[in-house]
């Protein structure tokens, strides 16, 4: 009969001790990082929005105008063929 082995693993966690100044410094660093991230994100959103307005909106308006002209032409052809 095979023998059964039992294994015991003991894990010890050492909780780091932070002073108030350490916590204050970490919070300050977090705020600075959040501000930088917000600035970069807002800049990217601004560039994306302006690019959309400059490049995509005129294309959409031109396609819409062309579609209206085709619809008008079709209606003229259908009325003349009647």
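In our numbering, the protein residues as written are 17 to 98. Built from N, CA and C at the ideal position, the CB exists for glycine as well.
When the Cα atoms are used, what is the spatial distance from residue i to residue j?
i	j	result
residue 84	residue 65	27 angstroms
residue 46	residue 24	40 angstroms
residue 68	residue 77	13 angstroms
residue 90	residue 72	27 angstroms
Could you spell out where the alpha helix (DSSP H) holding residue i opens and where it closes?
i	result
residue 40	36–67
residue 74	73–96
Closer than 7 angstroms by C-beta to residue i: which residues in its own chain qualify, once you throw out the five before and the five after it? Chain order, please.
i	result
residue 37	none
When the Cα of residue i is compared with those of the options, which residue comes out closest?
i	options	result
residue 34	42, 21 and 61	42
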